[in-house]
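*Asks:*
Residue numbers (my numbering), protein chains in the order written: chain A, 9 to 324; chain B, 9 to 324.
In structure tokens, the structure reads:
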């Protein structure tokens, strides 16, 4: 199979490509390297099993270069990874999320490429959803601009399935963490402690409680579900069985980094920023029924990630 | 109250403005007159109770001209009215729906305008929803590009509520019909019979079955709900109690136009075009519980509309 991976040099993308090449696929990557790094996939580029197109999917001309009729499936992962950014700059998620997804779909339509997997997010559910939240929850009322762009991407894909006969797999991810992480709470905490090992500032009161999934579990889940579910449009939550608090994450990072004397300072309030969802946990019954289960719970994934990122970032 | 109505010279917009001015509001209209007509609101323009800004909400500069800090509420109705268009031209709904809604919200944010009512649609539910479909149905999987743009607009509004403290009312409309209609099945049928009174071509097998709501009921429902529901984010289906088939609409239009000898030709297939939803009926319990009910059922609304549009279009 020949796969096009948008954001393929990024955190989740590079792990996905490891698995795709492991199973024998050929991979085309399009990435603007704004948060991804070609070093994440350098081995595959060197071996010739992956080719890299440095381009921005916000620009239709770049997408056209990457989208060729011999692509069997598009894995559309590229997006602004920083949910908080929308509180300050309001058009990033619109352009890099919604419009970029349109560009991908339109190039697929004109090239006759028929299959797409899309990285959506638990944040599409908003903050009034029951926990754990099943795929059938409605109405979805995202409270972040990032969440709005993921919902818009889902709708665009769904309409391309309904109007132009695409087949699609939409995955609503829990917080995905692991090696090569380029953003997120664990990444931030390690950088803060590297700057000042005596103090760790935590946004909010630390009681935010979310579900974390290790990135290897995430990409294995994607590929498993795509083999099992073959309807025109397939929607799956991907997450782990439990949650962890930000307070617990702070404790684990302090422990793993060896900054045992660090004072943990909470800025207060029930959430990290406007548009942050204090409590999130995905219903994963549908994922489990497909025959897939995670290998790590939230706390195991957090500890594993803290160790990987500590190794990558270093404390010196 | 000072209201800004996008698409205010259009079908639903002009009826809404009638009611707003009747209750004493001042109205600013922004409309590009692509399907709206200033004649629909000429009386209000002449009386000075409404002012018209000819502009396109796809252009942020035009939106800025209309959005001033003294606006109490934005009624955002402007959109491409032709659902079918998305099967041929794929960026119309993205630009005139999604991006235009972003332009409105961003101008509200920068001006400090805090309230918005939004015309969404039953088509956001897609075709696999149970009938009647309640607001709590999920997942919403629109099959038309128009539906995707309405869903994206809902998500943008929801995220502005969650991130920037807006208050919003989102209305998912049934098929809204009535005087001054500029598109839709009844409008099309009258034009077809005007061209050839002996033959009426109907797209699909005529068994498509949807719910129709008279536009006066629709705008009364909007204003009633907005007075009753005062949460930060309020979502309501607006529709009538029953449905009518396209076959029945064809019969009523043939009868009302007096083209009694017209042969009704069905093109066949279960839907009018790719992305058309064959069967739709909104759950209206929430609307009824707010204390609002419609004055016409689907067939009454269809007959009333056929007579109004016949009068407006004429058969000569």
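Note that CB positions come from ideal geometry on N, CA and C, so glycine has one too. The structure presented is a predicted model; accordingly, all values stated were derived computationally and were not measured.
For residue 217 (chain B), I'd like the list of residues in its chain whose CB is within less than 6 angstroms of its CB, leaving aside the five on either flank, ordered along the chain.
*Replies:* 251, 253 and 287.
*Asks:* Mind listing the chain A neighbours of residue 151 (chain B)? Cutoff is C-beta to C-beta under 8 angstroms, in chain order.
*Replies:* 166, 167, 169, 170 and 171
*Asks:* Along chain A, which residues have their Cβ under 8 angstroms away from the Cβ of residue 283 (chain B)?
*Replies:* 167, 170 and 171
*Asks:* Could you please give me the residues that DSSP links to residue 67 (chain A) through a beta bridge?
*Replies:* According to DSSP, which records beta bridges pairwise, residue 67 (chain A) is partnered with nothing at all.
*Asks:* Output, in chain order, the set of chain B residues within a Cβ distance shorter than 7 angstroms of residue 143 (chain A).
*Replies:* Those within 7 angstroms of residue 143 (chain A) in chain B are 147.
*Asks:* Taking beta-carbon pairs under 9 angstroms, can you tell me which members of the region 101-120 of chain A lie near chain B?
*Replies:* 101, 102, 106, 107, 110, 113, 114 and 117
*Asks:* Which chain A residues are close to residue 243 (chain B), counting only those with a beta carbon under 9 angstroms from its beta carbon?
*Replies:* Those are 147 and 149, listed as they occur along chain A.
*Asks:* Under 8 angstroms by Cβ, that's how I've got residue 78 (chain B) and residue 70 (chain B) pegged, so tell me the actual separation to the nearest angstrom.
*Replies:* Taking the Cβ atoms as the reference, residue 78 (chain B) lies roughly 18 angstroms from residue 70 (chain B), outside the contact range of under 8 angstroms.
*Asks:* With DSSP run on the structure shown, which of helix, strand or coil describes residue 101 (chain A)?
*Replies:* helix
*Asks:* Alpha carbon to alpha carbon, what distance is there between residue 109 (chain B) and residue 200 (chain A)?
*Replies:* 38 angstroms
*Asks:* Count the other C-beta atoms from every protein chain shown that fall within 10 angstroms of the C-beta of residue 269 (chain A), then say buried if there are 16 or more, exposed otherwise.
*Replies:* exposed
*Asks:* Should the region 97-105 of chain B be called in touch with the region 133-145 of chain B, which here means at least 3 C-beta pairs below 8 angstroms?
*Replies:* no
*Asks:* Between residue 156 (chain B) and chain A, is the shortest Cβ-Cβ distance under 8 angstroms, so that the two count as touching?
*Replies:* yes
*Asks:* Pick from B:159, B:61, B:55 and B:160: whose alpha carbon is nearest that of residue 44 (chain B)?
*Replies:* B:61
*Asks:* Would you say residue 127 (chain A) reaches chain B, if we count a Cβ-Cβ gap shorter than 8 angstroms as a contact?
*Replies:* Under the Cβ distance rule, residue 127 (chain A) does not count among the residues neighbouring chain B, no pair being separated by less than 8 angstroms.
*Asks:* Taking only beta-carbon atoms, is residue 87 (chain A) less than 8 angstroms away from chain B?
*Replies:* no
*Asks:* Of all the options A:249, A:262 and A:310, which has the alpha carbon lying nearest to the alpha carbon of residue 206 (chain A)?
*Replies:* A:262
*Asks:* Between residue 162 (chain A) and residue 132 (chain A), how many whole angstroms is the CB-CB distance? I'm expecting something under 8 angstroms.
*Replies:* 7 angstroms
*Asks:* Can you pull the chain B residues whose beta carbon is under 8 angstroms from the beta carbon of residue 160 (chain A), in chain order?
*Replies:* 106, 156, 159, 160, 163 and 164
*Asks:* If you follow the beta strand (DSSP E) that residue 168 (chain B) is in, where does it begin and where does it stop?
*Replies:* No beta strand (DSSP E) contains residue 168 (chain B), which is instead part of the alpha helix (DSSP H) from 153-172.
*Asks:* Suppose only complete runs of 4+ residues qualify. What are the alpha helix (DSSP H) ranges in the region 211-257 of chain B, listed by chain order?
*Replies:* 223-236
*Asks:* For residue 15 (chain B), which option in B:38, B:31 and B:23 has the closest C-alpha, if you only look at C-alpha atoms?
*Replies:* B:38
*Asks:* Is residue 12 (chain B) helix, strand or coil by DSSP?
*Replies:* If DSSP states are grouped into helix, strand and coil, residue 12 (chain B) belongs with the strands.
*Asks:* Between residue 94 (chain B) and chain A, is any beta-carbon pair separated by less than 8 angstroms?
*Replies:* yes
*Asks:* Sort out for me which residues DSSP pairs residue 273 (chain B) with in a bridge.
*Replies:* BP columns for residue 273 (chain B) point to B:209.
*Asks:* CA-CA distance, residue 292 (chain B) and residue 246 (chain B)?
*Replies:* 6 angstroms
*Asks:* Mind checking if residue 214 (chain A) is an interface residue toward chain B, Cβ cutoff 8 angstroms exclusive?
*Replies:* no
*Asks:* For residue 37 (chain B), report the span of its beta strand (DSSP E) as first-last.
*Replies:* Run containing residue 37 (chain B): 34-39, per the beta strand (DSSP E) assignment.
*Asks:* As a quick exercise: from A:106, A:239 and A:234, pick the residue whose alpha carbon is nearest that of residue 170 (chain A).
*Replies:* A:239
*Asks:* Anything in the region 278-309 of chain A with a Cβ closer than 8 angstroms to a Cβ of chain B? List those residues in chain order, please.
*Replies:* 282 and 283
*Asks:* Less than 8 angstroms between the C-beta atoms of residue 186 (chain A) and residue 222 (chain A), yes or no?
*Replies:* In this structure, residue 222 (chain A) lies closer than 8 angstroms to residue 186 (chain A) by Cβ.
*Asks:* Count the CB pairs spanning the region 142-152 of chain B and the region 27-42 of chain B that are closer than 8 angstroms, and state whether there are at least three.
*Replies:* no
*Asks:* Residue 98 (chain B) versus chain A: which residues are under 9 angstroms apart at the beta carbon?
*Replies:* 110, 113, 114, 117, 168, 171 and 172
*Asks:* Kindly indicate which three-state DSSP category residue 292 (chain A) falls into: helix, strand or coil?
*Replies:* Residue state, collapsed to three classes: coil.
*Asks:* Should residue 143 (chain B) be labelled buried (16 or more other beta-carbon atoms within 10 Å of its own) or exposed?
*Replies:* buried
*Asks:* Compare the beta carbon distance of residue 210 (chain A) and residue 284 (chain A) with 8 angstroms and say whether it is the shorter of the two.
*Replies:* no
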